[in-house]
Amino acid sequence: MLGTRLRTLRTLATLVPLTLAGTEVTSAAPVSSHAAAGSTLTIALPNDITGWGPDQAQGNYQAWPFEAVYDSLVRCTVSNAVVPGLATSWTFNPRHTVFTAHIRPGMVFSDGTPVNAAAVKANYSRDQKLPTGGGYWTGLTFTTPDPMTIVVTSAKPDPAMPVVNLCTNGIASPKYLASGKLNTAPVGSGPYTLEASATTPGSVYTLVKNPGNWDAKAFPFNTIVMKVIGSPTAIINALKTGQLDGAPVPQNLYNETIASGLKLVALPGETTRLLITDHLGKIVPALGNVNVRRAMNMVFDKSAIAKALYQGHATPTDQIPPPTADAYSKGLKDPYPYNIAAAKALMAKAGYANGFSVDMPFYAGVGMDSLFPVVIQQLGLINIKVHEVTLTGPNAISELLSGKYPLLMWPLGNYGNTLSDIAQAILQPSIWNVEHQPDATIQSLYTKMLNSTTTAQYKANLQAIYRYTIDQAWFVPIVYQNVYFAYNPKTVSIPAVSDSQYLNPLLWDFRLP
Amino acid sequence: MLGFLVRKVARSAAVLVVVSFATFLLIYGNGPGIARNVLGGSISLATDAQVHAEMVKLGLDRPIVVQYGSWVNGVLTGNLQDSFFTGQPVTSTLVNRVPVTLSVTGLTLLLTIVFSVLMGVAAAVYGGWVDRLVQLLAVLGGAVPSFIVAIGLVFALAVDIRLFPATGYVSPSQSVSQWAQSLVLPVVALLVGSVGSAASQFRGAVADALEQAYVRTLRARGIAERYIILRHVLRNAAGPGLTVLSLQTIALIGGVVVIEQVFALPGMGQLATNAAEQGDVPVVMGSVLVMIVVVLVVNVLTDVATAFVNPKSKLL
């Protein structure tokens, strides 16, 4: 993806086979056939969308409606290679500060207005002003040297720009954006348009093929029906009876799904981890001691946790990035194997043989309910007394991220783009580095990475950042939880998953059986 | 009767105001939290200035009483505000959802009345094994939660034998037969729990009425038993039964939430649950308003029906 000279990339999307990005599970029993396979695809959305503005794409399965109606400037493959989207060609300068993209001519939005550089600029300028931008657009400027060329310039080297900004954000009609009426229907140039007559907001969204889309042939289904179904019971029943062709299913329905003759795609999902953010010991002095943090890594039998708590639907890990990521250090032996005695010795060496107390927030509903008591128990073995603080209500997340609690647990990241993980959890201003404490080594390594002149150098520097966080025990990675997507093999197939976050099949992954 | 009706409606209106204000206070009380939630979803990076601006935009910076007054004004003009998240008018959202829930609860209530009266009367009149069977069914129906029944019905009659659809709702305007098919399993699931207790109540009331002196007198005059039961006994036994039915209706509104989840019915229950989880307060308030109105209407109708069968109750 990064080289000294990036020229036009006209490669086909290289989809990582399911054996790497996801594992397919099969069974032999028959399931229902859906009417007219190939014409209509019916899938479930576990939660409703909150509006049609391109910025309202929530990610994960909730992004499907947006993938249907909007194009992005470029697309990213599972390995974060950039491939054509609205843009047919582009350049990214060696310093990673200027991304120049040339937009394919002749495209229009569904309201008839043209897709051009001005439209892209209008979208990005709007994204920059939104409070939900997350700071990812800070320092970017947008110019249009000609009607079909957009130049995105970053004040600082930003190798993640294509992946974090340009692949993810859909482009809507500027006229539509200016109207402010972004909640009833979308206006994009994507492979599908919303069929209002067959749509009931909150219940079912019907999308019909846009034959004028540049990539129409890549989408084999003429109609996609997305049903909002929150109950896993209803989802599995609808899959079994042919009312759905595909849907996400929770881990506890794995066996039933297989027994029903459905197929499953298993994706490694997110990394559940402890985040020890008080590296300088300002809030809890003990957490400022690296031996304490290392000891905390050594009290978890991750294999047993994966087997007992997750019934095998999780993979134990001692690194944050997934094995397929550039940041993953292959061959790195776990420096903190499960060893209570050794952990106690480290605590004694740090002067905390008698342990200490720490508040730790618990937020229900993100899959940590069974793990939290285990964490409390295990840390208790080295005399760390965890006081659980339950966070609820609309301010819970704000409080979680406020810096009040230097020790957190959360299923985060596992981004195929590990730069997002660095931006989200490692750098000083990162949202999940809640104490925002400076670290000269990290800053130095990050700068070195940004100034890499070859891909090999870049990868080495990227790995060095994560090795540093391992050495300093900033995190306690525990497991990658599996996320499952079930589908009827008689009506749809998913030969590969192109989601670089390994969370779900993308809309263009659905194929005819 | 008119005076009685006016008094009941006036009392209901007063209850509506009190309950809606208390609910509004609870739901809209945390203006900054609502605004932050709207701005950022689950992880809000909005600054305090942005939160305040959003509060002003949504009208949440005004005193709570002023906000309530504005909401009431909207209710009276048919405007329940717009969803904070989807921008859809709450009124139009409710228009889509209410018929689904009313279809399920309305049919369930109608069938509950029919079956509970038939079973209650049969149990009281025939006694013996009929009576014991009705009582057993009442206990079983009350003991097994409706969602368990629903799941069992789905497995048996939708998944194993594809007799009915496992999920979904079809509007009668699209197809009456498919509408009916889509309601069979949800209605039966709710019926199992509601018929039992109502039938028990009718059974007891009819049994009591059959022991009254006027029944002996009517029998002595040679009046047909069927006429005695339908014309006299049922009328006198209806009061307690109607009260139980009104309580059943209120329970149905709560129970339908789970049933809508099991069958993926896009009704009020699902709407209210999702809106509450999301913090979409206008939708929550609109849902609560509908539910309050339904409960109050059912209470008024019950009182009117009770007054019709027992004029002495009009004195209350």
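Those sequence lines, one after another, are chains A and B. For the first sequence, position 427 (counting from the first letter as 1) is numbered 427 according to our numbering, and the numbering increases by one without interruption. For the second sequence, position 96 (counting from the first letter as 1) is numbered 96 according to our numbering, and the numbering increases by one without interruption. Backbone N, C-alpha and C define an ideal beta-carbon position, used for all residues, glycine too.
Under the three-state reduction of DSSP, tryptophan 474 of chain A is assigned to coil, being neither helix nor strand. Cβ-Cβ distances below 6 Å link leucine 185 of chain B to Leu153 and Phe164 in the same chain, with the five nearest sequence neighbours on each side left out; the list follows chain order. Note on geometry: alpha-carbon atoms of valine 100 of chain B and tyrosine 336 of chain A lie some 56 Å from one another. DSSP places aspartate 127 of chain A in the uninterrupted alpha helix (DSSP H) bounded by 117-129. When Cβ-Cβ separations below 9 Å define contact, alanine 180 of chain B makes no contact with chain A. Comparing alpha carbon positions, the residue from B/Tyr126, B/Leu133 and B/Gly106 closest to glutamate 225 of chain B is B/Tyr126.
Of the residues A/Phe66, A/Ser498, A/Leu166 and A/Pro438, the one whose Cα lies closest to the Cα of threonine 206 of chain A is A/Phe66. If you look at isoleucine 376 of chain A, you'll find it in the alpha helix (DSSP H) that goes 371-380. Along the segment 196-220 of chain B, there is no position whose C-beta sits under 9 Å from a C-beta of chain A. With distances taken between CA atoms, threonine 23 of chain B lies nearest to B/Val65 out of B/Asp303, B/Val257, B/Asn79 and B/Val65.
Spatial neighbours of leucine 408 of chain A in its own chain (CB-CB distance under 8 Å, excluding positions within 5 residues in sequence) are listed in chain order as Leu274, Leu275, Thr277, Met360, Pro361, Leu400, Trp432 and Val434. Put simply, the backbone Cα of proline 201 of chain A is about 22 Å away from that of phenylalanine 109 of chain A.
Here asparagine 183 of chain A is buried, its C-beta having at least 16 other C-beta atoms within 10 Å. Nearest CB-CB separation between phenylalanine 24 of chain B and chain A: not below the 9 Å threshold. Contact annotation, alanine 122 of chain A with proline 174 of chain A: C-beta distance approximately 4 Å; criterion of less than 8 Å satisfied.
Around the Cβ of glutamate 260 of chain B, a 10 Å sphere holds 16 or more other Cβ atoms; the residue is buried. Membership of lysine 385 of chain A in the beta strand (DSSP E) is indicated by the continuous run 384-390. Leucine 25 of chain B: member of the alpha helix (DSSP H) spanning 2-28, first to last residue. Taking each of A/Asn291, A/Ile283, A/Ile236 and A/Thr271 in turn and checking the Cα distance to leucine 264 of chain A, the smallest one comes out for A/Ile236. Each residue's CA atom was taken as its position, placing valine 18 of chain B and aspartate 303 of chain B some 21 Å apart. Minimum Cα-Cα distance from leucine 26 of chain B among the listed residues B/Val284, B/Val290 and B/Val233 corresponds to B/Val284. Note on lysine 181 of chain A: under 16 other CB atoms within 10 angstroms of its CB, so exposed under the neighbour-count rule. Using a CB distance cut-off of 9 Å, proline 201 of chain A counts as an interface residue toward chain B. Comparing C-alpha distances from leucine 76 of chain B to each of B/Phe85, B/Thr91, B/Gly193 and B/Gly59 shows the shortest one belongs to B/Thr91. When only Cα atoms are considered, arginine 293 of chain A and glutamine 311 of chain A end up about 28 Å apart. Counting only the Cα atoms, arginine 11 of chain B lies some 20 Å from glycine 239 of chain B.
Ranked by Cα distance from glutamine 128 of chain A, the options A/Phe221, A/Asn504 and A/Leu166 are led by A/Leu166. Glycine 170 of chain A is bridged by DSSP to A/Ser72.
Here glutamine 481 of chain A carries a strand assignment [DSSP, helix/strand/coil]. Judged by DSSP in its simplified three-state form, lysine 282 of chain A adopts coil rather than helix or strand. Under a 10 Å Cβ-count criterion, leucine 45 of chain A is classified as buried, with 16 or more other Cβ atoms of the shown protein chains found around its own Cβ. Secondary structure note for lysine 240 of chain A: its alpha helix (DSSP H) is the uninterrupted segment 232-240. The beta carbon of asparagine 79 of chain B sits no closer than 9 Å to any beta carbon of chain A. Under DSSP, the beta-bridge partners assigned to threonine 141 of chain A are A/Thr153.
Alanine 486 of chain A carries a strand assignment under DSSP once its states are collapsed to helix, strand and coil. Beta-bridge analysis with DSSP links aspartate 301 of chain A to no other residue.
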